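Heads up, the sequence shown is in this note's numbering, so the first residue is 2 and it goes up one at a time.
In this text, a Cβ means the ideal position worked out from N, Cα and C, and glycines have one as well.
Note that the structure is a prediction, hence the values are computed from the model and not measured.
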Amino acid sequence: MYLNNASTNRLKIQALTINDSSNWECFFENNPLLPYLGIDLSLSNEEQATSWIQFQLDRYKSGRFGHHALWDKSSNEFIGQCGLLTQEINGVEVLEVGYHILPKYWGNGYATEAALKFRDFAFETNLCDRLVSIIDIRNIASQKVAEKNGMKRKTQIKYHGLNVFVYEITKKDWIAKK
């Protein structure tokens, strides 16, 4: 599993397991960002969490990367997910860095810290020449994370029924900023 048991200054990064579903349920409780994710909002929190985790496990099995669990090193609390995701935009396969933090941990820089780790891994291991983040146009916080990750807004498209911005950083730009 890529980046399994990796870490940053404050985070432990581990591959998800089906047992993480219970930790992930609270992501779906009163989260104002859910409409930005293009998910079935009619499901219960438990169903959402189980479906989400299973989707990531399926990604792992098929070689399409997937989100990983993020744990706070000092408290050992589950704080969210981040990872590389194989996506398709207008018929072209791209590698995305995606991040989702539990609402009670918002504003602490965890998404940025994790996204930087996954960005660096993608370029250091030559997984891609460009990395994207696909972000709902209403999700200002995630747009700021993408910008802190060195990405620039490239285009606005319709993606799975949502109006999104595609942010991008090329390996060339990443090297120049190092």
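- Closest by CA to ILE102, which one among TYR3, SER8 and ASN24? ASN24
- Item | Inter-residue CB distance, LYS13 and LYS74 (contact presumed, cutoff 8 Å) | 6 Å
- Task: With PHE182 as the anchor, note down where its alpha helix (DSSP H) starts and where it stops.
- Result: The shown model of the chain, from 2 to 179, leaves out residue 182, and the question about it has no answer.
- Task: Could you tell me if the beta carbon of LEU117 falls within a distance shorter than 7 Å of some heavy atom in the ligand ZN?
- Result: This structure lacks the ligand ZN; in fact it carries no ligand of any kind.
- Message: Let me check understanding here. Comparing Cα to Cα, which of ALA50, TRP72 and THR87 lies closest to VAL98?
- Response: THR87
- Can you give the Cα-Cα distance for LEU188 and ARG139, rounded to whole angstroms? Any question about residue 188 goes unanswered here, given that the chain covers just 2 to 179.
- Query: Is it the case that the Cβ atoms of ALA116 and TYR61 are separated by a distance below 8 Å?
  - Reply: no
- Exposed or buried, which one is ASN150 when buried takes at least 16 other CB atoms within 10 Å? buried
- Query: Relative to the C-alpha of ARG65, which residue among LYS178, LYS105, ASN31 and LEU96 is closest?
  - Reply: LEU96
- Query: Residue range of the alpha helix (DSSP H) that LYS118 falls in?
  - Reply: 111 to 125
- ASP41 - DSSP class collapsed to helix/strand/coil: coil
- Message: Which same chain residues end up closer than 7 Å to TYR106 when comparing Cβ atoms and leaving out the 5 residues on each side of it in sequence?
- Response: ILE80 and GLY81
- Within this structure, are the beta carbons of GLU78 and THR9 separated by less than 8 Å? no
- Item | Collapsed DSSP secondary structure at LYS172 in the structure displayed | helix
- Task: Give the secondary structure of LYS159 by DSSP, where H, G and I count as helix, E and B as strand, and everything else as coil.
- Result: strand
- Could you tell me which of ARG11, GLY67 and GLU148 sits nearest to THR18, measuring between CA atoms? GLY67
- Query: When you compare only the Cα positions, how much space is there between GLU47 and ASP137?
  - Reply: 24 Å
- Query: What first and last residue would you give for the alpha helix (DSSP H) that runs through SER23?
  - Reply: 22 to 25
- 8 Å Cβ cutoff met for ALA50 and PHE29: yes
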